[in-house]
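Going by my numbering, the first residue of the sequence shown is number 24, and it counts up by one from there.
Every residue, glycine too, gets a C-beta built ideally from N, C-alpha and C.
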Amino acid sequence: MFRNWLLATTTAALMAFVPLAAHAADTAPQGGDIVVTYKDDITTLDPAIGYDWVNWSMIKSLYSRLMDYEPGTAKLVPSLAESFEVSPDGLTYTFKLRTGVKFSNGRELVASDVKWSIERAVNPKTQGPGAGFFGAIAGFDDVAGGKSEVLSGIETPDEGTVVFHLSRPDATFLHVLAINFASVVPKEAVEAAGGDFGKKPVGSGTLVLKDWTIGQRLVFERNPDYFVKGMPHVDKVTVEVGQEPLVALLRLQKGEVDIAGDGIPPAKFLEIKNSPDGAQMIVDGEQLHTGYITLNTHVKPFDNVKVRQAVNMAINKERITRILNGRATPANQPLPPLMPGYDKSFTGYAYDVEKAKATLAEAGLPDGFETVLYATNTDPQPRIAQAIQQDLAAIGIKAEVRTLAQGNVIAAGGTEGEAPMIWSGGMAWIADFPDPSNFYGPILGCAGAVQGGWNWSWYCNKDLDQRAVAADSMSDPAKAEERQAVWGKIFTDIMADAPWVPVINERRVVAKSLRMGGPDHIYIDPTRVINYDAIFVKQ
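Following this line, the structure appears as structure tokens:
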């Protein structure tokens, strides 16, 4: 499934596809109210800003985009677009919109809404982390640089047509138009919210936010005007926040909760797995995921590559996989093993305490130093952070562990940029789409090293950025394998600079109640995490 999408980027014919989720809508029963739990409150439902794994799924269902994916897969299909055409040189994309699509405020969605929404996502005033995804659109540099608020590369010749002109071919462009940052929003609703659109969302997706009691719950209801008949399947989704994972799991076993969003705490995993209903309650699958420690290259002494290399050698990754009941494997590079471009021959930095000490001494710090390690406060992340703390202490680094709510950790990394080290567990990178470029731009590229960005190492290598652009410009399907190899070399070269410690590639494990139906892959959806559009209650 990781290669077929390339075929769509160079065809010049007008293409029509099976309507989004049509098959699922034909077979799943309709109706039912479900309860989902999370420990932390949701930070925002603004698609131009929200970028954590919890709000990602909700944002997906509140809004629509030109493109989307068949549920539980990474197969691209038109969504707001009825059809599209790509020029032979890969520089012009023309989309014809569905007619009659309405925002939840009742207004019909038109082409100018698509243009304005993407311009908003790119505008630095928005302080969103996804601007860099749109870098191939003509006029991007002027908007990103604050010289203009209009992308010259987007035209709307009529209310039903959107034309994109690219400054270079982009093999990922159709995927870009399917990510949350490309969600279409009504300008008047954003402006009326006065900077609080993230709490007052208006979209054209399957769900509508009906109530948000901060610190307690969010209530979503099905959108009766959604443009795909029979979607979503459930009538209401109540997301309860402030729920400790162990408590949520006990409530799920009693039938009071349908999905324990934070997963199964390691202390309960074997008990649940071996219970009579365990096989029906546990959804366990591979995902395009890497968990890592960020090392802030702008903060001393992590501005010294020797220090970063020493930290890479100090971390006992096998011990961390044991904390997770073996639900992960040690990582040695940013790309996960299932991602095209992953270099099987690359060994990275071996766990070697003595070599780590020697490398730290070469950096002029034979006695180590003091620093701060941030992590989220949801089990098992504090325990993993403590294991990392112990590993660092073995080479003389005294790390204070600060465990905070997810939103506070994200702010420390991307808004304030103050965090020397962050253990990314609970927020770690899960691919937005199945392409190696997605593990670079937002989290390791220069475009992500900005206020509100997710490049918490604040690492920016201009040479690698140029190589990344060149790789994404290889849109010819005949060069797919060559392109993957180019990307693979970019990631292994990054490890020489060691802005990260890649720690684990973790499987996604979800607990669901016995009344929840549907195939497992909609609960560990590769592009949504949980697919609220496709899940259903068994009748």
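Beta-carbon gap between residue i and residue j smaller than 8 Å
| i | j | result |
| --- | --- | --- |
| F126 | L132 | yes |
| V145 | V173 | no |
| D495 | S460 | yes |
| V231 | F243 | yes |
| V334 | L358 | no |
| Q507 | P363 | yes |
| A386 | V330 | yes |
| A104 | L89 | yes |
| Q429 | P52 | no |
| I547 | V376 | no |
| V58 | E294 | no |
| A435 | Y397 | yes |
Cα-Cα separation, residue i to residue j
| i | j | result |
| --- | --- | --- |
| M444 | T122 | 49 Å |
| D390 | A521 | 21 Å |
| F196 | F156 | 8 Å |
| G371 | G314 | 15 Å |
| L241 | W76 | 16 Å |
| T382 | V328 | 10 Å |
| D136 | G308 | 37 Å |
| A586 | I343 | In the structure as shown, the chain starts at 24 and stops at 562, and residue 586 therefore has no counterpart that could be examined. |
| G226 | A302 | 37 Å |
| A491 | V280 | 44 Å |
| S498 | I545 | 30 Å |
| V322 | G541 | 47 Å |
| P395 | Q413 | Here residue 395 turns out to be Val, not Pro, going by the sequence shown. The alpha-carbon atoms of V395 and Q413 are separated by roughly 13 Å. |
| K83 | T261 | 16 Å |
| T66 | D402 | 19 Å |
| R551 | L68 | 14 Å |
| Q276 | H256 | 23 Å |
| M450 | G176 | 33 Å |
| V526 | L388 | 24 Å |
| H46 | G129 | Note that H46 has pLDDT 40, beneath the 50 cutoff, so the model's placement of it is unreliable and the number below is only indicative. Cα to Cα, the separation comes out at about 27 Å. |
| T576 | E142 | Because the chain in this structure spans residues 24 to 562, residue 576 falls outside the shown range and cannot be described. |
| P152 | M336 | 30 Å |
| K98 | Y482 | 32 Å |
Bounding residues of the alpha helix (DSSP H) (the contiguous stretch that carries residue i)
| i | result |
| --- | --- |
| R342 | K340 to I346 |
| K119 | First-last for K119: T115 to L120, but that is the beta strand (DSSP E), not the alpha helix (DSSP H). |
| L85 | W76 to L85 |
| H198 | F196 to V199 |
| K18 | The requested residue 18 does not occur in the structure, where the chain is confined to residues 24 to 562. |
The beta strand (DSSP E) enclosing residue i, as first and last residue numbers
| i | result |
| --- | --- |
| S106 | A104 to V109 |
| D56 | D56 to Y61 |
| F292 | That residue, F292, is in no beta strand (DSSP E); its alpha helix (DSSP H) goes P289 to K296. |
| R425 | I420 to L427 |
| E529 | W523 to E529 |
| T394 | F392 to T399 |
| I407 | I407 -> not in any beta strand (DSSP E); alpha helix (DSSP H) instead, spanning Q404 to A416. |
| E178 | I177 to D181 |
Which of helix, strand or coil DSSP assigns to residue i
| i | result |
| --- | --- |
| R240 | strand |
| G168 | coil |
| K454 | For the sequence presented, residue 454 should be read as Ala rather than Lys. Looking at A454 - three-state DSSP - the assignment turns out to be coil, as it is neither helix nor strand. |
| K259 | strand |
| H544 | helix |
| M254 | coil |
| P459 | helix |
| E93 | coil |
| W139 | helix |
| F559 | strand |
| A71 | coil |
| D300 | coil |
| M497 | coil |
| T515 | helix |
| W481 | coil |
| A351 | strand |
| V322 | coil |
| K222 | coil |
| I553 | coil |
| N246 | coil |
Test: residue i CB closer than 8 Å to a CB of chain D
| i | result |
| --- | --- |
| S447 | Protein chains in the displayed structure number just one, and chain D is not present. |
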